[in-house]
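Below is one structure, written out as C-alpha cells, with a few remarks after it.
There are 2 protein chains.
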Amino acid sequence: MVQMNRGIVVDTSSSPHSLLRPVPISSSRIDDEFWTPRRRALREAGLPSQFEMCEATGRIDNFRRLSTGKNDPFQGRVYNDSDVYKLLEAASHALAEQHDQDLAATTDGVIEAIAGAQRPDGYVHSYFSLEHEHQRYSDLTTQHELYCAGHLIQAGIAHRRATGSGSRLFGVARRFADHICDTFGPDAREGVDGHEEIELALAELYRETGERNYLDQSIYFLQARGREPSLMPAVPGAYERSYYQDHLPVTDQTEVVGHAVRATYLATGMMDAALEAHRPDMARAATNLWESAFERKAYITGGLGARYEGESFGDDYELPNETAYAETCAAIGGVFWSWRMLCRTGDAKYADAIETALYNGVLSGVSLDGTKYFYVNPLTSRGGYERADWFDCACCPPNIARLLMSLPGYFYSTSEDSLWVHLYAAGGVRASLPDGRAIEVEVETRYPWDGDIRLKIVEAPVSEIALRVRIPGWCDRATVTVNGRGAQPDAAPGTYLEVKRRWNQGDVVSLSLPMPVRKLSSHPQVTTNQGRIALARGPLIYCVEAVDHASIDLLETALSRLDEFDMRHDRDLLGGVTILRTIGERLPKPFDERSQIRAVASNRNDEVDKLPITAIPYYAWGNRGVGAMQVWIPAI
Amino acid sequence: MVQMNRGIVVDTSSSPHSLLRPVPISSSRIDDEFWTPRRRALREAGLPSQFEMCEATGRIDNFRRLSTGKNDPFQGRVYNDSDVYKLLEAASHALAEQHDQDLAATTDGVIEAIAGAQRPDGYVHSYFSLEHEHQRYSDLTTQHELYCAGHLIQAGIAHRRATGSGSRLFGVARRFADHICDTFGPDAREGVDGHEEIELALAELYRETGERNYLDQSIYFLQARGREPSLMPAVPGAYERSYYQDHLPVTDQTEVVGHAVRATYLATGMMDAALEAHRPDMARAATNLWESAFERKAYITGGLGARYEGESFGDDYELPNETAYAETCAAIGGVFWSWRMLCRTGDAKYADAIETALYNGVLSGVSLDGTKYFYVNPLTSRGGYERADWFDCACCPPNIARLLMSLPGYFYSTSEDSLWVHLYAAGGVRASLPDGRAIEVEVETRYPWDGDIRLKIVEAPVSEIALRVRIPGWCDRATVTVNGRGAQPDAAPGTYLEVKRRWNQGDVVSLSLPMPVRKLSSHPQVTTNQGRIALARGPLIYCVEAVDHASIDLLETALSRLDEFDMRHDRDLLGGVTILRTIGERLPKPFDERSQIRAVASNRNDEVDKLPITAIPYYAWGNRGVGAMQVWIPAI
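Just so you know, the sequences run in chain order F and H.
Every letter in the first sequence is one number past the one before it in this note's numbering, and letter 284, counting from 1, is 284.
Every letter in the second sequence is one number past the one before it in this note's numbering, and letter 460, counting from 1, is 1460.
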C-alpha cells in the first residue's frame, strides 16, 4: 500500500458544505480483473498514442511555435489547446498513482512547450497568440479561451498534486488564472465563456490555494450567465442562448437544456460553489437540474444528450436509441457533477449514477485496447459504426483518460467518523479520517461479475468507526454480515448501510449483492422503448451484437418477457466477460416481401422461429469488427 | 352527367407506351359523403383563402410590379411564383369540373398579372426580372427558375383544358417553354434545374401540342442529371449531389435518395419519357426507384421522406414516427408517379399506392374545413403540432388543392376494350373507349366506410366490353357478382378483376370488399415499429388521438394483439367517421418515479390497468385542437 498521499481530484478536505472528504488516488488501490486491464491499456497504450496524436496534429507544436517566436500559423481547431491540457491532467493522475519515468519525461516536455507559449501577462491560448493576439477575448461565445484556461488550471492542479509544489505547469496555470481574475469581473470587463469549464477550475484552484479570490471569480462567471441583455453576444455561428445555458440565470434553471457537456460542466461548477460558499440557491438549482438530467433525460447507460443537433439534451423522455448522441464527454461530465452531489449529501443515488456511467456509457467510449474511442455512443447500431483513433474535435479521448486515470479517487470517501465505500473492486484503501485516525481495508471481490465482496480490516483505530457500504439501487436482496454472523438489517437498495463498531484487524464485512439477470422496461414516455426490454446484471447494461448472431439479422430478433437466462463467464472473450444466453424469436416478416406491413395473425404459435441469443456487456461492444448492436430489444 | 369533356391531368390518349387512356375530370363524377365534403371545403374555402394568402404575401403582387414597370423589390422566397401557378392549376381543375363565375374571374385577374410580367423574350420569373435580370439562369442548382417554369406550363395546360384553346395562361406558358427550349440543350447552353418539375411539364406540353420538340427537351433535362462533371455547380448553400438526384445518370439510379419531392417529380418525369418515347431504360429505372420508395421507404400512410435533414428519403426501413418528415408534397408526388406507373402497366399495386396516399398521407395535409395545412405529417405527436393557414415556403397548400381538384381524373381509365375502375366513390363515369364506344356507369357505395359497391350500367355499347374493377391489396375476401348471380372467381387482392360481357342498361356489378379491422405489423427492419401494431380498415389507416382519451396519457397506452374491436360510424364526429373501439392497457410506469426504468415482472396479470381506446382515421387527426397522436401503438 502506497503511503504518500498524492492525487486528489476534488479536494473537499476543507469544504464547509461537503459531508464527504476525499481519499487520494495514491491511497486507494484498484487491483482487479475488471478495471486494472482497462486502466493499464489506457496508461500503457492510450496515453502514449494520445501524446502522439497531439504531436501529429500540431496540438503541441502550436505551443512550440509560440516559444520559438516564429510567425507560423495555428494548426487545427480553436480549442485544441484543451486536449493537451486534459491529456496532461490524465498523465498527472497516472503519475499520482504510480511513478513512470517515461511518462514524467513526456509530460515535462509538453509543459516546457506550454510554459514557453505563455505571454508575459500570463495569457495562454495558442490560437489567439499565434494569429489573433489583438482579438483576445473578443468572442467568448464561441472561441473557448476561458474553456481552455480552465483545463490548463485543472491540469496544473493535478500536476502539482501528483508531483509536488514545484510544478511548473501549476505556475503557468496560476499566472493565467490571475490574469483572468484581473481581466474579468463586475468592476472590470464583463464576460463569460460559451463553454463552461473555467468555473470548476477556479473553484478547485481556490481549494488548492485557499485564495478566496478564485472562488469569487468562479461564482462571478456562474452568475454572468443568463443576464439581460446577455453577456454572450450573438456572433455569427452562435447557437441560441439555451445551447450555452445562458437563457436564464443559473439559479433559476430547473430543466437541463442545450449542449450536454456544457450543461454538466455548468452544474458541476454550481455544485463547487455550493460546496465552498453558502449558496443554497446553487445547490437547489443543481439538484433540480440533476433530477431533470438523470431521472428524465439520461440513457440507461448513463449517456446524456439525446440529440445530434447541438450535441444537446432533448425533451423529457426523448431518448432515441439509434440516433442517441450520448457523447462520451457528457457521461464523464455527469460523473463529475454526480460526485459533487454525493460529496454534499452522501445520498447513494448519486453513487448509483456514477456507477452506471462508469461501467456503461463512459467505458463504452474506449476500446478494450485503450487506443480507440467513441465520441457518440448509440444504443442501437445497424452496423458500420466503429471507434476511431482520434477526432478532429478530440475532446473525448483525453477526457476518458483523465477520468479513468483518477478512478481510484472515486471509490472511497471519509466523513467525521466513517469510511464510505462507493464502488467495488478488488484492491483496498488506506484512509485518514478528518480527526487523523487511520483505517486500512483490503477488498476481495470479482465485482462486477460477482456480487460477493469481502472488506477485510487491515488496520483500524481502537475507537469506534463506521463503515458505510453502498447497497446499489439495482440490488434488492442484499445481505451484509460481519465476520460471517448476523445479517445486518436495512440493506435497502440505494442506501449506504452503516456498520459501526470497534474494528479488529482481520474483521471481515461481507456483502452479498445478488446479480440475477434483470429485464428492464422504460418509463412508457420513452416511446422508443415501448414494447422493448433491456438486460442488465449488476451494474452492467447488456446488449446484443451481430458478431454473436452470425446467421441472424440482429435487429429482427425478439426476446420473451418470460424467458430465463443462462449466465456464463468467458475469460477469453472481450477481456473476460459474463455473457447471458437465452432462446429468442425471429420477428415475423411480411408474407409478401414487397410490402413493409403484414396483418398480425390472431394465433402466432405456428410461426415462431426460435433462435439462440447471446448478450454481452454494452461497454464491450464494437471490439470485434463492425456490426449491428442493440440494447433495447423487442419483447414478445 | 356532364357531357363536354374538360380537364385531363395526364393526357395519355395517344401515348404509345401507355396501356391506359384518361377519362376527363368532367366525365367522372364524385358525389359521395367522403370526398365531396372535403373537395367542397377546398373549393369554397380553401381556394379563396389561398388566393388571399398569395395576395397578402405579395406572391401575386410580384407579377404586378413587373407589369407596372416600377422598380419595387421582390417579396418572399425565390420560388414563390410556383405557388401561384399551382393554385391556378387547382382552380383550372375546379373549373373543368364545374364552372364558377367568381373563381374564373379571380383566375383571369391573376393570369393578367402573370402575362404582364412576361418579358419580351418569353421569360417569366418575378424574382429575377424584378431584381436580378442579368443573373437569369446563373444558378439553376438552387434558384428554381425552371421549376417555376414547369409549374407555369402545367397551369397553362390545365387552364387550356378547362377553358378552351383561347387560354391566355397557356399562351404565356408556351412562350416561356419555347424560350427554354431555345436556351438549353446539347447544342446551346447546358444546364439542369436543381428541383425537377420542368421535365414533366414539357412532356405534358408535348401531349397537349403534339410538338416533339418539347418531349425532346424534357428528355434532355432528364439526361442532364448525373453527368461528370455535374451540370449543377456546387454553389454556396447547395446540398450534396444526391439531394438533387444528380449523383448518377437517372437511368442508373436504383435507390431513391435525396429530397423526397424532387425524387418523386424526377421519377414522374422519367415515366413520362417512358410513356411517350421508346425508353425502356427510363421505365426500368423508374420501376426500380418505385420499389425502393414504396416497398422499403414509404410510411404506412403513403408518406415519403423519413428525414428532416434535406427533407429527404432515409435508408431502407428508416421510418421514424415522431420525426417523420413525410411532406404532404412528397405523398402527392408519389401519386403523380404511381399514376404513370399504373398507366403503363395496369398493375393494381400502383393503384393501391395511390389509394393509400390519397386517403391517408395526402388527406392528412389539409384540415376538414379546407383552410389549414400540414407540411410535415408525423405518425406520432406528443402534442403541440397543428396545421397552419399558410407557410413561408407554401408548396403544400396549392399542391394538395391541385390534386384534390383533379381527383375525379384518377378514378377511371379506359383501354382498348375496357373501362377500368381504380378507386371507389359514389358517383359515376361516362367514358369513351379509344374506338369511340361510350359507356356510362353509376356507382353506389358508402366507401371507404363500407365495402359494398354497386356499379350500375346506365348506357353501354351493344358489343362486348370489359369492366376491370380493382380488388384492393388490403382485401383478401372480396366477392364480385353480376346482377346478383355467380360470384366471379379470381377476385384476388391487388388485381383488377375483369368482367367482360355485353352489357344491358340496368346491369349491376356488385363488389363486396369486407372491411374488418386489420392489425398490421411492420417489417422487422423498421426498428421503430418493433413491438407495435397499427390499425387499418379498408383503405384507411387509423390513429389514436389524445382528445378521445381525456384521462389517459395517450403515449402510455398499449393494445393487445388479440383484442377485438367494436366499429361504429359517427356521423357527427369529424365530418362523419367510422371509429374503432377496444379495451387497451396502460403501460406500467416505474415503481419509483425518479427512475426511468423498472424490472419487468415475471407475471404481469396483477398489474394491468385496462382502459378504453378509440381510434379515428389518421387523415382526420388534429382537427379538434392540439394533442398527442399515435399510429403505431405498442402491442402487449
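By construction, the Cβ of each residue, glycine as well, lies at the ideal position given by its N, Cα and C atoms.
message: Counting only Cβ-Cβ distances shorter than 7 angstroms, please list the residues of the region 1518-1552 of chain H near chain F, keeping chain order.
response: Listed by position, the residues of the region 1518-1552 of chain H near chain F (Cβ gap below 7 angstroms) are R1518, K1519, L1520, S1521, S1522, H1523, P1524, Q1525, V1526, T1527, Q1530, G1531, R1532 and I1533.
message: Cβ closer than 7 angstroms: which chain H residues qualify as neighbours of F/P612?
response: Within chain H, not a single residue places a beta-carbon under 7 angstroms from that of F/P612; the smallest gap is close to 17 angstroms.
query: Whose Cβ in chain F lies nearer than 9 angstroms to the Cβ of H/S1595?
result: Correct list: E295, G473 and H523.
- request: Select from the region 615-626 of chain F all residues with a C-beta closer than 8 angstroms to any C-beta belonging to chain H, and list them in chain order.
  value: Those residues of the region 615-626 of chain F that come within reach of chain H (Cβ to Cβ, closer than 8 angstroms) do not exist; the list is empty.
message: What would DSSP say about F/P16, mapped onto helix, strand or coil?
response: DSSP places F/P16 in coil when its eight states are reduced to three.
message: Let me see if you follow: with CB-CB separation under 8 angstroms, is F/T495 close to chain H or not?
response: Closer than 8 angstroms: no.
task: Would you list, in chain order, the members of the region 359-387 of chain F that have their beta-carbon closer than 7 angstroms to a beta-carbon of chain H?
output: Residues passing the 7 angstroms Cβ filter: T380.
field: Reference H/Y1214, options H/D1272, H/A1238, H/Q1245 and H/V1250, closest by Cα
entry: Out of H/D1272, H/A1238, H/Q1245 and H/V1250, H/D1272 has the C-alpha closest to the C-alpha of H/Y1214.
query: Alpha carbon to alpha carbon, how far is H/V1626 from H/D1570?
result: Roughly 21 angstroms between the two C-alpha positions.
- request: Flag this pair as touching only if the region 547-562 of chain F and the region 1518-1534 of chain H have three or more C-beta atom pairs under 8 angstroms; answer yes or no.
  value: With contact defined as three or more Cβ pairs closer than 8 angstroms, the region 547-562 of chain F and the region 1518-1534 of chain H are in contact.
query: How would you list, in chain order, the residues of chain F whose beta-carbon sits under 7 angstroms from the beta-carbon of H/P1637?
result: Residue 1637 of chain H is absent from the model: chain H starts at 1001 and stops at 1636.
C-beta contact flag for H/Y1410 and H/I1354 at 8 angstroms: Contact check for H/Y1410 against H/I1354 passes: the beta carbons are separated by less than 8 angstroms.
Residue closest to H/A1425, alpha-carbon to alpha-carbon, out of H/A1431, H/R1446, H/L1342 and H/E1255: Minimum Cα distance to H/A1425 is reached at H/R1446.
- request: Identify, in the order they occur along the chain, each residue of the same chain with its Cβ nearer than 7 angstroms to the Cβ of F/L574, setting aside the five sequence neighbours on each side.
  value: Excluding positions up to five away in sequence, the list reads L368, I616, A620 and N623.
- prompt: Nearest-angstrom Cα distance between H/S1560 and H/V1600?
  reply: A straight line joining the alpha-carbon of H/S1560 with that of H/V1600 spans about 17 angstroms.
query: Would you call H/G1237 buried or exposed, if buried means 16 or more other Cβ atoms sit within 10 Å of its Cβ?
result: By the Cβ-count criterion, H/G1237 is exposed, with fewer than 16 other Cβ atoms from all chains shown falling within 10 Å of its own Cβ.
message: Can you pull the chain F neighbours of H/A1652, defined as C-beta to C-beta under 7 angstroms?
response: The displayed coordinates of chain H run from 1001 to 1636. Any statement about residue 1652 of chain H would go beyond what the structure contains.
query: What residue from F/L19, F/I8, F/Y317 and F/D11 has the CA that sits closest to F/E416's CA?
result: F/E416 has its Cα closest to that of F/L19, out of F/L19, F/I8, F/Y317 and F/D11.
- prompt: Count the other CB atoms within 10 Å of the CB of H/V1462; is the residue buried (16 or more) or exposed (fewer)?
  reply: So H/V1462 ends up on the exposed side.
field: DSSP three-state assignment for H/L1455, whether helix, strand or coil
entry: Under the three-state reduction of DSSP output, H/L1455 falls in the strand class.
message: Counting C-beta neighbours from all protein chains within 10 Å, is the total for F/V577 16 or more, i.e. buried, or is it exposed?
response: By the neighbour-count definition (other C-beta atoms within 10 Å, threshold 16), F/V577 is a buried residue.
task: Can you tell me which of H/P1048, H/T1142, H/Q1505 and H/A1162 puts its alpha carbon nearest to the alpha carbon of H/E1240?
output: Looking at the Cα atoms, H/T1142 is the closest of the given residues.
task: Could you confirm whether any beta carbon from chain F is found closer than 8 angstroms to the beta carbon of H/I1583?
output: Chain F contact via Cβ: absent.
- prompt: Looking only at its own chain, which residues have a Cβ that is under 6 angstroms from the Cβ of H/A1201, when we skip the five neighbours before and after it?
  reply: Cβ neighbours of H/A1201 within its own chain (closer than 6 angstroms, five residues either side excluded): G1150, I1153 and Q1154.
- request: Report, in whole angstroms, the separation of the C-beta atoms of H/A1324 and H/L1358, which I expect to be a contact under 8 angstroms.
  value: Incorrect: roughly 18 angstroms between the Cβ atoms, too far for contact.
- prompt: Is H/V1261 closer than 8 angstroms to H/C1329 when the C-beta atoms are compared?
  reply: Yes. Within cutoff.
- request: Give me the Cβ distance between H/A1331 and H/G1361, rounded to the nearest whole Å; I'm assuming they're in contact under 8 angstroms.
  value: Indeed they touch by this definition, with Cβ atoms about 4 angstroms apart.
query: In whole angstroms, what separates the C-alpha of F/E52 from that of F/H195?
result: Going by the C-alpha atoms only, they are around 26 angstroms apart.
- prompt: Would you call F/K70 buried or exposed, if buried means 16 or more other Cβ atoms sit within 10 Å of its Cβ?
  reply: F/K70 comes out exposed.
- prompt: Roughly how many angstroms lie between the CA atoms of H/G1506 and H/Y1220, to the nearest whole one?
  reply: Within the model, the alpha-carbon separation for H/G1506 versus H/Y1220 is close to 51 angstroms.
Contact set between F/E190 and chain H, taken where Cβ atoms lie within less than 9 angstroms: Those do not exist, as F/E190 stays about 36 angstroms from chain H at its closest Cβ, beyond 9 angstroms.
field: Through-space distance from H/R1537 to F/P493, alpha-carbon basis
entry: Cα to Cα, F/P493 sits roughly 49 angstroms from H/R1537.
- request: Use the C-beta contact count for F/E327: other C-beta atoms within 10 angstroms, 16 or more gives buried, fewer gives exposed.
  value: When all chains shown are included, F/E327 counts as buried.
Assigned secondary structure, H/W1569 (DSSP; H/G/I helix, E/B strand, else coil): Per the sequence shown, the amino acid found at residue 1569 of chain H is His instead of Trp. In the structure shown, H/H1569 sits in a strand (DSSP, three-state: E or B).
field: Contact list for F/E311 against chain H, beta-carbon separation under 9 angstroms
entry: Ordered by position in chain H, no residue passes the 9 angstroms Cβ test against F/E311, which lies about 16 angstroms from the chain.
- prompt: Fully enclosed by the region 162-230 of chain F, which alpha helix (DSSP H) runs are 4 residues long or longer?
  reply: Fully enclosed alpha helix (DSSP H) runs of 4 or longer: 168-183, 198-209 and 212-223.
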